[in-house]
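Here the structure is laid out as structure tokens; the discussion comes afterwards.
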Amino acid sequence: MINLDHNIQIADLAEMLGRFWSLSEDKIISVISRFGGETGAPVVTVEGTYVPRGWTQWTEGFVYGSALLQFESTGDLQFWEMGVQHTLERMPNHVTHIGVHDHGFNNVSTYGNILRITNENATVTGVLKDVAKLALRTSGAIQASRWTDTMSGLGYIHSFNGPHSLFIDTMRSLRSLAVAHSLGQTLYGEQDMQINLLHRLIAHALTSARTNVYYGTGKDIYDIRGRTAHESIFNIKNGSYRCPSSQQGYSPFSTWTRGLAWAILGFSEQVEYLQTREEFEFEEFGGKGVVIEELLSAARSTADYFIVHNHTDGIPVWD
Numbered sequence: 373m374i375n376l377d378h379n380i381q382i383a384d385l386a387e388m389l390g391r392f393w394s395l396s397e398d399k400i401i402s403v404i405s406r407f408g409g410e411t412g413a414p415v416v417t418v419e420g421t422y423v424p425r426g427w428t429q430w431t432e433g434f435v436y437g438s439a440l441l442q443f444e445s446t447g448d449l450q451f452w453e454m455g456v457q458h459t460l461e462r463m464p465n466h467v468t469h470i471g472v473h474d475h476g477f478n479n480v481s482t483y484g485n486i487l488r489i490t491n492e493n494a495t496v497t498g499v500l501k502d503v504a505k506l507a508l509r510t511s512g513a514i515q516a517s518r519w520t521d522t523m524s525g526l527g528y529i530h531s532f533n534g535p536h537s538l539f540i541d542t543m544r545s546l547r548s549l550a551v552a553h554s555l556g557q558t559l560y561g562e563q564d565m566q567i568n569l570l571h572r573l574i575a576h577a578l579t580s581a582r583t584n585v586y587y588g589t590g591k592d593i594y595d596i597r598g599r600t601a602h603e604s605i606f607n608i609k610n611g612s613y614r615c616p617s618s619q620q621g622y623s624p625f626s627t628w629t630r631g632l633a634w635a636i637l638g639f640s641e642q643v644e645y646l647q648t649r650e651e652f653e654f655e656e657f658g659g660k661g662v663v664i665e666e667l668l669s670a671a672r673s674t675a676d677y678f679i680v681h682n683h684t685d686g687i688p689v690w691d
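Start counting at 1 in the sequence shown, then tack on 372, and there's your number in our numbering.
Here it is, written out as structure tokens:
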């Protein structure tokens, strides 16, 4: 069982973090030297070595975003220059990519890091802040446009598999909508219909919580609290939920570890973000408290599942 120590301070980790950032420096330089161009993103490993996959570039933003984080943590300007240069050269196509559910991975990891660093670091100035804001606003709106309505009156951002497919991964990509909405972006549809990005974020999160996450309430014989389905399938004719599925997990009725990680982190960070929003923004969903409690239940269930199924000494108790 995991023992939590609330007395640990960042200073206690200084020696270990020093070794970490030293190792990270070498790895970032190595990865960018190999993948920082037309080669493609390091998507998977073959015999312990990163290789690209032509059908997806969803990890490219992590490469340059890691350089930006290296600068933020160490102050080494070569990583700032490396991260910014490759972001400006390689990431614009990702900003306007209409075919994926990965905007939060690629664009928040790059333009988002640039915006945060320019906001927090007085030594970094210039037009980059405005470039990053425009990229993030555009990215969030395009991500929100990849939409399927459901019978429940909610809806979801569909995966690159098509309008019938909801991936749990996208919980982590909702950041793109959150950032864009916070920057003041509205998505305009047919006949200038205004589409609220926050409302789409909430609707997607609730749909994911109700279909991709299990709570031990007897939904089916595989219903174990906290278990997470990689994919949910919907009938796009009437928006009804059909069944669980999986593209990378063992089966539709197992829990793909990475998908579980997306759920734990994605629900948690959206709970944190939604707590900063105003009550009136939740009216059509039954109120702020109702929404946050449902998403918090998903976050707790998935986190408990991870702890219990990886540490068998006991079951954690939540306050």
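The beta carbon of each residue, even a glycine, is placed where N, CA and C say it ideally should be.
Identify the continuous beta strand (DSSP E) that holds residue i and give its terminal residues.
| i | result |
| --- | --- |
| T520 | 519-521 |
| S612 | 612-617 |
| F539 | 537-539 |
Starting from residue i, trace the alpha helix (DSSP H) both ways and give me its first and last residue.
| i | result |
| --- | --- |
| R333 | Because the chain here runs from 373 to 691, residue 333 falls outside it and cannot be looked at. |
| S548 | 547-554 |
| D398 | 386-407 |
Going by DSSP, what residues sit across from residue i in a beta bridge?
| i | result |
| --- | --- |
| L667 | Answer is none; L667 lacks a bridge partner. |
| V715 | Examination of residue 715 is not possible in this model, given that the chain is present from 373 through 691 alone. |
| Y528 | T520 |
| N607 | S612 |
| Q566 | Y560 |
| T428 | R425 |
Applying the 10 Å Cβ sphere with the 16-neighbour rule, what's the burial state of residue i?
| i | result |
| --- | --- |
| A383 | exposed |
| F606 | buried |
| H378 | exposed |
| I380 | exposed |
| L538 | buried |
| L441 | buried |
| T648 | exposed |
| E666 | buried |
| L526 | buried |
| E655 | exposed |
| S402 | exposed |
| S612 | exposed |
| I593 | exposed |
| T583 | buried |
| S623 | exposed |
| W452 | buried |
| T589 | exposed |
| L376 | exposed |
| R425 | exposed |
| R391 | exposed |
| L449 | exposed |
Among residues of its own chain, excluding the 5 on either side of residue i, which ones have a beta-carbon nearer than 8 Å to its beta-carbon?
| i | result |
| --- | --- |
| R318 | One cannot answer for residue 318 here, as it falls past the ends of the chain, which runs 373 to 691. |
| L696 | The structure shown does not extend to residue 696, since the chain spans only 373 to 691, so no value can be given for it. |
| D691 | Summary for D691: the model assigns pLDDT 36, below 50, so the residue's position carries little reliability, and this model does not support an answer. |
| T674 | V585, G598, T600, L632, A635, I636, F639 |
| W393 | Q442, S445, T446 |
| Q429 | G412, A413, V415, H466, N478 |
| V423 | P414, V415, V416, T417 |
| W519 | G527, Y528, I529, H530, R572 |
| D595 | Y586, Y587, G588, T589 |
Ordered along the chain, which non-local residues of its own chain (more than five positions away) have a Cβ less than 7 Å from that of residue i?
| i | result |
| --- | --- |
| T715 | No information on residue 715 is available, as it lies outside the stretch 373 to 691 that the chain covers here. |
| P688 | Confidence at P688 is low in this model, with a pLDDT of 43, below 50, so the placement of that residue should be treated as unreliable; the coordinate-derived value is given next. For P688, where only same-chain residues beyond five positions count, the Cβ hits under 7 Å are D676, I679. |
| L546 | G476, L573, H576, A577, G638, Q642 |
| Q557 | R509, G512, A513, L569 |
| L555 | K505, L508, R509 |
| M454 | I404, A439 |
| G471 | F532 |
| L389 | none |
Leaving out the 5 sequence neighbours to the left and right, which residues in its chain are closer than 6 Å to residue i when beta-carbon positions are compared?
| i | result |
| --- | --- |
| G621 | H602, W628 |
| T542 | H473, I529 |
| A516 | L549, L559, L569, R572 |
| E651 | K660 |
* Asked: Considering only residues of the region 570-603, which uninterrupted alpha helix (DSSP H) runs meet the minimum length of 4 residues and lie entirely inside it, listed in chain order?
  -> none
* To do: Quick one: which unbroken alpha helix (DSSP H) runs of 4-plus residues sit fully inside the region 440-509? Chain order, please.
  => 449-462, 464-467, 475-479, 485-492
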